[in-house]
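Trainee: When we follow my numbering, the leftmost residue of the sequence shown carries the number 71, and every step to the right adds one.
My questions will all concern the structure given below.
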Amino acid sequence: MPNVDPAADPAQNPALDPRTLTPAQWRAILTATEYAILRESATERAGTGRYLDDPGPGAFHCAGCGNRLYGAGHKFHSGCGWPSFFQEVEPGALEVHRDVTFGMVRTEMRCARCGGHLGHIFDDAPQTPTGKRHCVNGYAVVHVPAGEAVGDVFARHRRAG
Ligand SMILES: [Zn+2]
Numbered sequence: 071m072p073n074v075d076p077a078a079d080p081a082q083n084p085a086l087d088p089r090t091l092t093p094a095q096w097r098a099i100l101t102a103t104e105y106a107i108l109r110e111s112a113t114e115r116a117g118t119g120r121y122l123d124d125p126g127p128g129a130f131h132c133a134g135c136g137n138r139l140y141g142a143g144h145k146f147h148s149g150c151g152w153p154s155f156f157q158e159v160e161p162g163a164l165e166v167h168r169d170v171t172f173g174m175v176r177t178e179m180r181c182a183r184c185g186g187h188l189g190h191i192f193d194d195a196p197q198t199p200t201g202k203r204h205c206v207n208g209y210a211v212v213h214v215p216a217g218e219a220v221g222d223v224f225a226r227h228r229r230a231g
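Structure, rendered in structure tokens:
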């Protein structure tokens, strides 16, 4: 991954409105996999994404814009092959849409700040406090460990590619 200008990265520059970014600008920030998921609504193959194991205390932020989406305490093991959460970190973190692609009616969730595709919500988790399973692409999020600054974690993440 080439060097990312922090000023051009909405995860490192909270003043930058991610809704103004062009596809070319997103491609300069994201990895090819992150771009395909967040900007083109692709789905990583089951069992291949990030964070199938718990990375520890902290929060999961949108890999596109850095918006905080889930707390580590909202994660549970569903066995479905994608990181699963039973609720977002606070109301308004997500946008939900009806998705009728692939012959199914599903509830899609997107990041409320940048509109990036995250995954789908299913009502098949009776073992959780909400009964919901937010089935999230691991490559759509970045874990920010407790006590670390979001900008620092994203600077590292963008360099690592
Ligand atoms: Zn976002």
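Note that CB positions come from ideal geometry on N, CA and C, so glycine has one too.
#1: Helix, strand or coil: how does DSSP classify His23 here?
#2: Please report the straight-line C-alpha distance between Gly173 and Leu164, rounded to a whole angstrom.
#3: Determine, using beta carbons only, whether Pro240 and Cys184 come nearer to each other than 9 Å.
#4: What number of angstroms, rounded off, separates the C-alpha of Ala81 from the C-alpha of Leu100?
#5: Can you list every residue whose CB sits closer than 5 Å to some heavy atom of ligand 1, going in chain order?
#6: Within a Cβ cutoff of 7 Å, which residues of the same chain sit near Tyr42, ignoring the five residues on either side of it in sequence?
#7: Would you kindly work out how many angstroms separate the C-alpha atoms of Asp79 and Arg229, rounded to a whole number?
#8: With a threshold of 8 Å, are at least 3 pairs of Cβ atoms found where one atom belongs to the stretch 204 to 222 and the other to the stretch 152 to 166?
#9: Which residue spans inside the stretch 156 to 218 form an unbroken beta strand (DSSP E) run of at least 3?
#10: Alpha carbon to alpha carbon, how far is Arg138 from His131?
#11: Report the option in Ile191, Gly162, Arg120 and Val212 whose CA atom is closest to the CA atom of His227.
#12: Name the DSSP bridge partner or partners of Ala135?
Mentor: Concretely, from the data shown:
#1: The chain is shown only over 71 to 231; residue 23 falls outside these bounds and no answer can be derived.
#2: 24 Å
#3: The requested residue 240 does not occur in the structure, where the chain is confined to residues 71 to 231.
#4: 11 Å
#5: Cys132, Gly134, Cys135, Asn137, Cys181, Arg183, Cys184 and Gly186
#6: The chain is shown only over 71 to 231; residue 42 falls outside these bounds and no answer can be derived.
#7: 12 Å
#8: yes
#9: 164 to 169, 176 to 181, 187 to 195, 201 to 206 and 211 to 215
#10: 4 Å
#11: Val212
#12: The sequence shown places Cys at residue 135, rather than the Ala named in the question. Answer is none; Cys135 lacks a bridge partner.
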